[in-house]
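A.B. asks: My questions all concern the structure below.
There are 2 protein chains.
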Amino acid sequence: MTRILVVDDDAQITRALRINLKARGYDVDTAPDGAGALHSAAHTHPDLVVLDLGLPDMEGAEVIAGLRGWTAVPIIVLSGRADSADKVAALDAGADDYVTKPFGVDELLARIRAVTRRGRPAGEENPVVLIGDREIDLAEHSISGGVRLTPTEWQLLEHLLRHPGKLITQKELLHDVWGPQYQTETNYLRQYMARLRRKLEADPARPRHLLTEPGMGYRFRP
Amino acid sequence: MTRILVVDDDAQITRALRINLKARGYDVDTAPDGAGALHSAAHTHPDLVVLDLGLPDMEGAEVIAGLRGWTAVPIIVLSGRADSADKVAALDAGADDYVTKPFGVDELLARIRAVTRRGRPAGEENPVVLIGDREIDLAEHSISGGVRLTPTEWQLLEHLLRHPGKLITQKELLHDVWGPQYQTETNYLRQYMARLRRKLEADPARPRHLLTEPGMGYRFRP
DNA sequence: AAGCGCGTTAACGGGATCTTGACGACGTGC
DNA sequence: GCACGTCGTCAAGATCCCGTTAACGCGCTT
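Protein chains in written order, with this note's numbering: chain A, 26 to 247; chain B, 26 to 247.
Structure below.
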């Protein structure tokens, strides 16, 4: 079953697309803004993303870049602007197709078929993140060197790796990994950051990539 | 060097595209009609085809079908008609993208980059997968050594074998093999993974290829 | 009717994983 | 120098998850 993530702040459009796509046998998730889109994509790993450009919280190129940082999932951009410059920007940012509104549902469906048709050629390589001499493949959930991670460890690591260099607050990590009611249980973080460092850092006592920002949170340095 | 075949009966357009594409470092061939396009494509094996639909000798769908009969080369269709039905027909015939005239050269170039960006499939793939000393042919649904699998076992095995090395989550497997409402019935997975291992692994208690990732899912290691 | 293959449930023991609490080490501000 | 908060570490117990065994129902063949 092909899973499609529809990103649009216009509830009418998401609803219409959800109905039409479901009727065609696709599995549909929706997100109303860029942050929700990145979050949902990271969580559900869709097979295709339909992305509206007029989002309230982020530029379209930012969303595309946020996805392309770790996945090669096909992206079809929807936009009200037929301006050539916009198309070029979106396509070069990593989008696979660009459809201007108003669009026919038939056309969108055809483009979805066209984009998903070329499946996954065998020769492709997943983007890998490096921590020291270890290669981490987020798509495969695999790490070189025979290292295995538990589910909680993976969730925590993914949140850090998906935003290289960015500081992630403790509240954010606790909320996203453990849930809304754990936002003050910082001992969980200490526990699991220690385990990650033991498994990934060459010298766990002197981390070079999984850094602590005292009083704030943690940060992944590539 | 990327070779592009431009097919259009309007000499002005072919000339303009030839100049623009050459300036961008592409190698350009041109053909004025469908017959010439098929002949040229068979002869030079271009990396991309830009195909106008208003050809004098053949229908656009015929040209696309003629190409798709033997090659998976990306095809970008140009057309003066913005009619939705035309787009659907062309895309479903096998085209990869559809641009309506008049179009901006920038946009076309961006779409060319988008289509050629994904690595091309290149050669045929051997559909035989090895598990230990057993050969598994996914296309023929056959296994060496007199092993037979039930339909459910096949579905499960296929999902794992289609993504070698990748971790497939339990939810994903349950959803795709048994259906959306079985996403939490992990006992099915335990049951059938055990059967697969009994039939395929040399030592079912110590699987070397059908691996468990505790709390996450399963993985096929070639 | 009986036998067989296949899919579906249920239950259990062992082990890995998560949770929880407590203890120093370190740095900061008073 | 001292109190305080934050962080890293350790060591339990509780909990969840996995592999396994066993049984049942259904459709088909014998």
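A virtual CB, placed ideally from N, CA and C, is assigned to each residue, including glycine.
As the structure is a computational prediction, the values presented were derived from the model and not from experiment.
(1) G242 of chain B lies in the beta strand (DSSP E); which residues open and close that run?
(2) Determine which residues share a DSSP beta bridge with Y213 of chain A and list them.
(3) What number of angstroms, rounded off, separates the C-alpha of V53 of chain B from the C-alpha of G91 of chain A?
(4) Please confirm whether R223 of chain B and P232 of chain B have their CB atoms less than 7 Å apart.
(5) As a quick exercise: from A:D33, A:D158, A:V102, A:T175, pick the residue whose alpha carbon is nearest that of H234 of chain A.
(6) Checking contacts by CB at 7 Å: is L186 of chain A closer than that to chain B?
(7) Do you know how far the Cα of F128 of chain A is from the Cα of R43 of chain A?
(8) Can you round the beta-carbon distance between V102 of chain B and Y123 of chain B to whole angstroms, since I take them to be within the 8 Å contact cut?
(9) To the nearest angstrom, how far is it from the Cα of G94 of chain B to the Cα of Q206 of chain A?
(10) Between A:A41, A:V98, A:V154, which has its C-alpha nearest R142 of chain B's C-alpha?
(11) Is E178 of chain A helix, strand or coil when you go by DSSP?
(12) Taking the alpha carbon of L30 of chain B as the reference point, which residue from B:A60, B:L133, B:N45, B:S65 has its own alpha carbon closest?
(13) Can you check whether the C-beta of L116 of chain B is within less than 7 Å of a C-beta belonging to chain A?
(14) Return the CA-CA distance between A67 of chain B and E84 of chain B, expressed in angstroms with no decimal places.
(15) Which value, in whole angstroms, describes the spacing of the CA atoms of D72 of chain A and T96 of chain A?
(16) Would you tell me roughly how many angstroms separate the C-alpha atoms of V88 of chain B and L133 of chain B, rounded to the nearest one?
(17) Who does T55 of chain B pair with in a DSSP beta bridge?
(18) Using a Cβ-Cβ cutoff of less than 6 Å, which residues in the same chain neighbour D35 of chain B once the five nearest sequence positions on both sides are dropped?
(19) Report the residues of the stretch 124 to 139 of chain A with a CB closer than 7 Å to any CB of chain B, ordered along the chain.
(20) Within 7 Å (strictly less), CB to CB, does G157 of chain B reach chain A?
(21) Is the distance from the Cβ of V74 of chain B to the Cβ of A56 of chain B below 7 Å?
(22) Run down chain A in chain order and give the residues with a C-beta less than 9 Å from the C-beta of K191 of chain B.
(23) Could you check whether L198 of chain B and H188 of chain B sit closer than 7 Å to each other, using their CB atoms as the reference points?
(24) Since V102 of chain B meets chain A, which of its residues come closer than 9 Å, beta carbon to beta carbon?
(25) Looking at the unbroken alpha helix (DSSP H) that takes in V88 of chain A, where does it start and where does it end?
(26) Flag P71 of chain A as yes if its beta-carbon sits less than 7 Å from any beta-carbon of chain B, otherwise no.
(27) Taking the beta strand (DSSP E) that S104 of chain A falls in, what are its first and last residues?
(28) I need the straight-line Cα distance from R28 of chain B to L116 of chain B, nearest angstrom please.
(29) Closest to E178 of chain B by CA distance: which of B:V154, B:W203, B:R136 is it?
(30) Can you give the Cα-Cα distance for G59 of chain A and Q37 of chain B, rounded to whole angstroms?
(31) By DSSP, does S109 of chain B sit in helix, in strand, or in coil?
(32) For P176 of chain B and A86 of chain B, what's the separation of their Cα atoms in angstroms?
(33) Look at the alpha carbon of A147 of chain B and the alpha carbon of H70 of chain B, and state the distance between them as a whole number of angstroms.
(34) Closer than 9 Å by beta-carbon distance: list the chain B residues that pair up with M26 of chain A, in chain order.
(35) State the DSSP-derived secondary structure class of D131 of chain B, mapped to helix, strand or coil.
C.D. replies: Answer, in terms of the structure:
(1) 242 to 245
(2) The partner list for Y213 of chain A (beta bridge, DSSP) is empty, contrary to what the question assumes.
(3) 34 Å
(4) no
(5) A:D158
(6) False, the Cβ-Cβ gap to chain B never drops below 7 Å.
(7) 15 Å
(8) 5 Å
(9) Distance from the CA atom of G94 of chain B to the CA atom of Q206 of chain A, rounded to whole angstroms, is 58 Å.
(10) Distances from the alpha-carbon of R142 of chain B to those of A:A41, A:V98, A:V154 put A:V98 closest.
(11) helix
(12) B:S65
(13) yes
(14) 18 Å
(15) 10 Å
(16) Distance between the alpha carbons of V88 of chain B and L133 of chain B is about 20 Å.
(17) B:V31
(18) none
(19) Of all residues in the stretch 124 to 139 of chain A, G129, D131, E132, A135, R136, R138, A139 have a Cβ within less than 7 Å of some Cβ in chain B.
(20) no
(21) No.
(22) N151, D162, A164, E165, H166, S167
(23) Taking C-beta atoms as the reference points, H188 of chain B and L198 of chain B fail to come closer than 7 Å.
(24) Near V102 of chain B there are no residues of chain A at all, since even the closest Cβ is about 10 Å away, more than 9 Å.
(25) 85 to 93
(26) no
(27) 100 to 104
(28) 22 Å
(29) If we check each option's Cα against that of E178 of chain B, B:W203 comes out closest.
(30) 43 Å
(31) helix
(32) The alpha-carbon separation between P176 of chain B and A86 of chain B amounts to approximately 37 Å.
(33) Residue placement at A147 of chain B is poorly supported in this model, since its pLDDT is 40, which falls under 50; the coordinates still yield a value, given next. Those two C-alpha atoms are separated by around 12 Å.
(34) H200, D201, P205
(35) helix
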